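In my numbering, the protein residues as written are 149 to 685.
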């Protein structure tokens, strides 16, 4: 049976069974390009936050940048020189391009800008600032004092043995700067300091405020307690049996005295045939790059239409056009109050909308045609847009869509989606049959006799050629000096594409033809109908 209530509303209703203020949290480590696989987490969180607000809940939405996590290895996109920084917090490592405050900001800045473009506006926390300003200090004290109890939980839940020298806190070495090579040797609760020894043979004392961080399986539940998190989406890797959520929900209750957040487990986004996206392997399409190719609301729709527990297959090539088509049909149904639009699909559209972002009325596929007919000239794009019956008042919005299409054509469009209008009648016109030539000449005369013709009218005109008694059929008959010729519209469309592109197929004919000035079509079709290689040498 089809769903009638959107998954975000179902989750919101469950969450609201507990009274009080709600805090939806999401967190991602900016250790590499933050990709559209990561986007599933923030869009999921945003959808649930919106659903809570729509139901009148007292709710907030935050994003935590885990920028105090260590650099795990030299990723494929990094130079080998970064080997000296492995183990250091990524907020303390130089920026790869030299233009940002640190390594983490290099990846965080474009991600936060992408969130803004997606209409997602959480309050942003940076983990390094939270540690350095003492937000975690009380949690660190508690964790250090209750080290044995935490170790017992970790062993009971994960089934793994905890080393005798394990500590829930990882000090940052004053000498080498790493947090992955230190061991706690003591601590002073009153002075709020931790003693350590490092593998680099340095030993010292660091403050709890900023002198290191809690290990991940303790940091996560500590965060829930410190911030008061009540809802959080996370990937299926954290939800595995004995995984970090299983240990975290016991640690937060038994050690920090706080209830664990409502869990929203999501599946991966698979990139074409390459599999699950991962910053560390380089199998990614960054959100920032994708927003250069597709409107923000379409990326939201990619996530919103699918339940979190189901994986999403994403391919920025030809399948992207189908995704955009699907969203645009839904948008049209919603705006026209189409009675066939069910409550569920209507809600999908509402939650997909990127508030504060312009949305062009021009279909993406049609802009693919317009842009190529205009040869990328934006002034020509505007003329064609106007001729196609769309408003040109919001030039900024049209420019954004044209730029999306330009990047898509360059990076992801399959060969058959690309075309180039020939400046002269292409030599392939020599292959046109007598019927095709008669059609082009008759079609040119018919176009010339009409006022402006819409894309749909062009399409219907060509199809009318098969109907005995139609004006176009009659004109073709006159050219052939025959009575009611048998016409296959497919051969006529082929003639159109050959005369304009030098190939037997092309974009949707109605949109395609309506992109040209009528005078150009009349001249080109007449020339093509009379084309001879000898004459046109």
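Quick reminder that beta carbons are idealized off the backbone N, C-alpha and C, glycines included. Computed from a predicted model, the values in this text were never measured in an experiment.
Please tell me whether residue 501 and residue 445 are closer than 8 Å, where the distance is taken between their beta carbons.
As a first step, residue 501 is located in the chain shown; it is residue number 353 there, counting from the start. As a first step, residue 445 is located in the chain shown; it is residue number 297 there, counting from the start. Going by C-beta atoms, residue 501 is nearer than 8 Å to residue 445.
I need the DSSP call for residue 681, collapsed to helix, strand or coil.
As a first step, residue 681 is located in the chain shown; it is residue number 533 there, counting from the start. Coil at residue 681, not helix or strand.
So residue 237 and residue 327 are in contact, right, with Cβ under 8 Å, and what is the actual spacing, rounded?
Here the question's residue 237 lines up with position 89 in the chain shown. Here the question's residue 327 lines up with position 179 in the chain shown. 6 Å between Cβ atoms; contact.
Find out if the Cβ-Cβ distance for the pair residue 180, residue 223 is shorter than 8 Å.
For the purposes of this step, residue 180 is taken as residue 32 along the chain shown, with counting starting at 1. For the purposes of this step, residue 223 is taken as residue 75 along the chain shown, with counting starting at 1. One thing to note: residue 180 has its Cβ within 8 Å of the Cβ of residue 223.
Could I get the ranges of all uninterrupted alpha helix (DSSP H) runs contained in the stretch 507 to 561, with 4 residues as the minimum, in chain order?
Fully enclosed alpha helix (DSSP H) runs of no fewer than 4 residues occupy 512 to 521, 526 to 535, 543 to 559 of the stretch 507 to 561, in order along the chain.
Is DSSP giving residue 323 helix, strand or coil here?
To locate residue 323, count along the chain shown from 1; it is residue 175. In the structure shown, residue 323 sits in coil (DSSP, three-state: anything other than H, G, I, E or B).
Buried or exposed: residue 227, going by 16 or more other Cβ atoms within 10 Å of its Cβ?
Against the chain shown, residue 227 aligns to sequence position 79. Taking all protein chains in view, the Cβ of residue 227 is surrounded by fewer than 16 other Cβ atoms within 10 Å, so the residue is classified as exposed.
Locate the beta strand (DSSP E) running through residue 331, then write down its first and last residues.
Counted from its first residue, the chain shown places residue 331 at position 183. For residue 331, the enclosing beta strand (DSSP E) stretches over residues 330 to 336.
What residue ranges within the stretch 184 to 272 form continuous beta strand (DSSP E) runs of no fewer than 3 residues, ordered along the chain?
Runs of the beta strand (DSSP E) inside the stretch 184 to 272: 207 to 213.
Rounded distance between the beta-carbons of residue 534 and residue 440, thought under 8 Å
The residue given as residue 440 occupies position 292 in the chain shown. The residue given as residue 534 occupies position 386 in the chain shown. About 25 Å; that fails the 8 Å criterion.
Exposure label - residue 404; buried when at least 16 CB within 10 Å
Translated into positions along the chain shown, residue 404 becomes position 256. Label assigned to residue 404: buried.
Alpha carbon to alpha carbon, how far is residue 359 from residue 333?
Here residue 359 refers to the residue found at position 211 of the chain shown. Here residue 333 refers to the residue found at position 185 of the chain shown. Between residue 359 and residue 333, the alpha-carbon positions lie close to 14 Å from each other.
How many angstroms separate the CA atom of residue 665 from the CA atom of residue 543?
If you number the chain shown from 1, residue 665 lands on position 517. If you number the chain shown from 1, residue 543 lands on position 395. Approximately 21 Å, taken between the alpha carbons.
Using a Cβ-Cβ cutoff of less than 7 Å, which residues in the same chain neighbour residue 167 once the five nearest sequence positions on both sides are dropped?
Within the chain shown, numbered from 1, the residue matching residue 167 stands at position 19. Excluding positions up to five away in sequence, the list is empty.
Are the CB atoms of residue 492 and residue 152 within a distance shorter than 8 Å?
Walking along the chain shown from the start, residue 152 turns up at place 4. Walking along the chain shown from the start, residue 492 turns up at place 344. Yes; because the gap between Cβ atoms is below 8 Å, this pair is in contact.
Cβ contact check for the stretch 377 to 389 and the stretch 350 to 367: 3 or more pairs under 8 Å
No: fewer than three Cβ pairs fall under 8 Å.
Bounding residues of the alpha helix (DSSP H) (the contiguous stretch that carries residue 373)
Translated into positions along the chain shown, residue 373 becomes position 225. Looking at the DSSP string, the run of the alpha helix (DSSP H) that includes residue 373 is 364 to 375.
Considering only their Cβ atoms, is the gap separating residue 624 from residue 686 smaller than 8 Å?
Beyond the ends of the chain as shown, which are 149 and 685, falls residue 686; an answer cannot be given.
Residue 349, buried or exposed, once every other Cβ within 10 Å from all chains shown has been counted against 16:
Stepping through the chain shown from its first residue, residue 349 is reached at position 201. Label assigned to residue 349: exposed.
Is it the case that the Cβ atoms of residue 434 and residue 183 are separated by a distance below 8 Å?
For the purposes of this step, residue 434 is identified with residue 286 of the chain shown, where counting begins at 1. For the purposes of this step, residue 183 is identified with residue 35 of the chain shown, where counting begins at 1. Cβ atoms of residue 434 and residue 183: closer than 8 Å.
Output the distance between the C-alpha atoms of residue 663 and residue 536, rounded to the nearest integer angstrom.
Here residue 663 corresponds to residue number 515 of the chain shown, with the count starting at 1. Here residue 536 corresponds to residue number 388 of the chain shown, with the count starting at 1. The straight-line gap from Cα to Cα measures roughly 6 Å.
Residue 277 to residue 268, Cα distance in whole Å?
Mapped onto the chain shown, residue 277 falls at position 129. Mapped onto the chain shown, residue 268 falls at position 120. Each residue's Cα considered, the two are about 22 Å apart.
Please give me, in chain order, every unbroken run of the alpha helix (DSSP H) with length at least 4 that falls completely inside the stretch 421 to 495.
DSSP assignment within the stretch 421 to 495 yields the following whole alpha helix (DSSP H) runs of 4 residues or more, N-terminal first: 435 to 438, 444 to 452, 466 to 483.
Would the stretch 505 to 523 count as touching the stretch 543 to 553 if we require 3 or more Cβ pairs under 8 Å?
With a cut-off of 8 Å on Cβ pairs, the stretch 505 to 523 is in contact with the stretch 543 to 553, counting three or more such pairs.
Straight-line gap, residue 372 to residue 525 (C-alpha atoms, nearest Å):
Reading the chain shown from its first residue, position 224 is the one you call residue 372. Reading the chain shown from its first residue, position 377 is the one you call residue 525. Residue 525 has its alpha-carbon roughly 52 Å from the corresponding atom of residue 372.
In this structure, what does DSSP give as the bridge partners for residue 159?
Taking the chain shown and counting its residues from 1, the one referred to as residue 159 is at position 11. Residue pairing of residue 159 in beta bridges, as defined by DSSP: absent, with no partner found.
What does the alpha-carbon distance come out to for the pair residue 693 and residue 450?
Limits of the chain in this structure are 149 at one end and 685 at the other, which puts residue 693 out of reach.
Please confirm if the stretch 340 to 348 is in contact with the stretch 299 to 308, defined as three or more CB-CB distances below 8 Å between the two stretches.
These segments do not touch.
Report the rounded CA-to-CA distance for residue 210 versus residue 186, giving the unit in angstroms.
As a first step, residue 210 must be located in the chain shown, where it is residue number 62. As a first step, residue 186 must be located in the chain shown, where it is residue number 38. The alpha-carbon atoms of residue 210 and residue 186 are separated by roughly 15 Å.
Close Cβ partners of residue 578 (< 8 Å) along its chain, the five nearest in sequence each way excluded:
Sequence index remark: in the chain shown, residue 578 carries index 430 (1-based). By the criterion of a C-beta distance shorter than 8 Å, residue 578 is surrounded in its chain by 679, 680, 681, once the five residues flanking it on both sides are discounted.
Helix, strand or coil: which one does DSSP assign to residue 502?
The residue you call residue 502 lines up with position 354 of the chain shown. In the displayed model, residue 502 falls within coil according to three-state DSSP, outside both helix and strand.
Does the pairing of the stretch 410 to 420 with the stretch 452 to 459 give three or more beta-carbon distances under 8 Å?
Verdict: yes, contact present.
What whole-angstrom Cβ distance do residue 594 and residue 571 have, given they're in contact under 8 Å?
Against the chain shown, residue 594 aligns to sequence position 446. Against the chain shown, residue 571 aligns to sequence position 423. In fact, because the Cβ distance is near 25 Å, the residues do not count as touching under 8 Å.
For residue 570, the three-state DSSP class (helix, strand or coil)
On the chain shown, position 422 is the one that residue 570 refers to. Three-state result, residue 570: coil.
Does the Cβ-Cβ distance between residue 213 and residue 256 come in under 8 Å?
Reading the chain shown from its first residue, position 65 is the one you call residue 213. Reading the chain shown from its first residue, position 108 is the one you call residue 256. Their beta carbons are under 8 Å apart, which means residue 213 touches residue 256 by this criterion.
Kindly indicate which three-state DSSP category residue 606 falls into: helix, strand or coil?
Numbered from 1 along the chain shown, position 458 holds the residue referred to as residue 606. Helix.
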